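>
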Amino acid sequence: MVKYSETEKDIFSLNVQVIAGPRMEIMDIVVRHPGSTHDSVIFDRSSARVRFEQGLIVRLLLGDNGYPCRSYLLTPLINPANQREENYNRTHKGTRNIVERVFGTWKRKFPCLSRMLRTKIQTTMAVVCACAVLHNISIQQNEEPELAEPAVEEIPINNIIVNNVLA
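Quick note: the sequence shown uses my numbering, first residue 30, plus one each step.
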C-alpha cells in the first residue's frame, strides 16, 4: 500500500501487487489500483494471470487466503484436517513469507514508499516502479544500499533535563 496526495487535504492510496522470486527479486508488479481494491481483483486483472493461464509461465505461485486456489496458485488450507495438511500450511506460510520480506526490505531501501508521496498519481506510480527496478538492480549487483542512519542529536551531559528541570 502506497499513500499519495495530489492536494493538501485529499489522501489516496494504491494497492501494489508484487510477485516475488526466491532471491527476493520483484518478478512482476502491478501499480494502478486504488488501495481499496481487493488483492484477488488486482490479480484477476493482471497480465501475469493471463500468462499463467495460457501456460506461458510454467511455475507455481503462492498466495494468501485472499486469492482463489488455482492449478498454478496455491493457497493455504482453511481447515487442515490432518498433520500433512498442517505441514502444508506451515511450509506454505514460510515460503510465502518471502513476499512480506520483499516489502519490508523495499520500504527500508526506499523510505519514500513508507511515507505519503505528495505527487500526482502518474508520478506516484512511476516512483513505485522505479524503486522496484532499483531494488532488483541492487539484488543483481549483490549490493546492499547504504541506509541513512537516523539523525541523533548529541546532548551535552550538563544539559540533561530531569523532572522537567534543567540539571
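Using N, Cα and C, we set each Cβ at its ideal position, and we do this for glycine too.
Since the structure is predicted, the reported quantities are computational estimates derived from the model, not experimental observations.
Using C-beta distances below 8 Å, list every residue in its chain close to E115, excluding the 5 sequence neighbours before and after it, in chain order.
For the purposes of this step, residue 115 is taken as the residue at position 86 of the sequence shown. Answer for E115: P109, listed in chain order.
> Just to confirm before moving on: does the CB-CB distance between L91 and Y101 stay below 7 Å?
As a position in the sequence shown, residue 91 is number 62, starting the count at 1. As a position in the sequence shown, residue 101 is number 72, starting the count at 1. No; because the gap between Cβ atoms is not below 7 Å, this pair is not in contact.
> Would you kindly check if the distance between the Cβ of V59 and the Cβ of S75 is under 7 Å?
On the sequence shown, position 46 is the one that residue 75 refers to. On the sequence shown, position 30 is the one that residue 59 refers to. Against a cut-off of 7 Å, the Cβ pair of V59 and S75 comes out as a contact.
> Does DSSP put F41 in a helix, in a strand, or in coil?
As a position in the sequence shown, residue 41 is number 12, starting the count at 1. The answer is strand: DSSP assigns F41 an E or B state.
> CB Q46 to CB I71, shorter than 7 Å?
Here the question's residue 46 lines up with position 17 in the sequence shown. Here the question's residue 71 lines up with position 42 in the sequence shown. In contact: Q46 and I71 (Cβ atoms closer than 7 Å).
> Rounded to the nearest angstrom, how far is the Cβ of A49 from that of V128, given a contact under 8 Å?
The sequence position of residue 49 within the sequence shown is 20, counting from 1. The sequence position of residue 128 within the sequence shown is 99, counting from 1. Correct: roughly 4 Å between the Cβ atoms.
> Just confirm the distance between the C-beta atoms of R125 and D93, as a whole number of angstroms; I'd bet it's less than 8 Å.
Walking along the sequence shown from the start, residue 125 turns up at place 96. Walking along the sequence shown from the start, residue 93 turns up at place 64. Sure, about 7 Å apart at Cβ, within 8 Å.
> Starting from the Cα of T104, find the closest Cα among A155, T120 and A161 and give me that residue.
Position 75 of the sequence shown, counting from 1, holds the residue named residue 104. The shortest C-alpha separation from T104 is found at T120.
> For A159, count neighbouring Cβ atoms within 10 angstroms of its own Cβ and tell me buried if that reaches 16, exposed if not.
For the purposes of this step, residue 159 is taken as residue 130 along the sequence shown, with counting starting at 1. Exposed, because fewer than 16 other Cβ atoms sit within 10 Å of the Cβ of A159.
> Under the assumption that N165 contacts E54 (Cβ atoms under 8 Å), give the Cβ distance between them as a whole number of angstroms.
Here residue 165 corresponds to residue number 136 of the sequence shown, with the count starting at 1. Here residue 54 corresponds to residue number 25 of the sequence shown, with the count starting at 1. Correct: roughly 5 Å between the Cβ atoms.
> Tell me which residue opens and which closes the alpha helix (DSSP H) that D68 is part of.
Residue numbering aside, residue 68 sits at position 39 when the sequence shown is read from its first letter. D68 to D73 is the span of the alpha helix (DSSP H), which, as asked, contains D68.
> Opposite E106 in the DSSP bridges: which residues?
Here residue 106 refers to the residue found at position 77 when the sequence shown is read from its first residue. Per the sequence shown, the amino acid found at residue 106 is Leu instead of Glu. Looking at the DSSP assignment, L106 forms no beta bridge with any residue, so it has no partner.
> Going straight from the alpha carbon of R144 to that of K136, what length do you get?
Looking up residue 144 in the sequence shown gives position 115. Looking up residue 136 in the sequence shown gives position 107. Their Cα atoms are separated by approximately 9 Å.
> State the DSSP-derived secondary structure class of Q46, mapped to helix, strand or coil.
Position 17 of the sequence shown holds residue 46. Q46 falls in the strand class under three-state DSSP.
> Residues in the same chain with beta-carbon distance under 6 Å from F81, minus the five sequence neighbours each way, listed in chain order, please.
In the sequence shown, residue 81 corresponds to position 52, counting from 1. Cβ neighbours of F81 beyond the five flanking positions: Y101.
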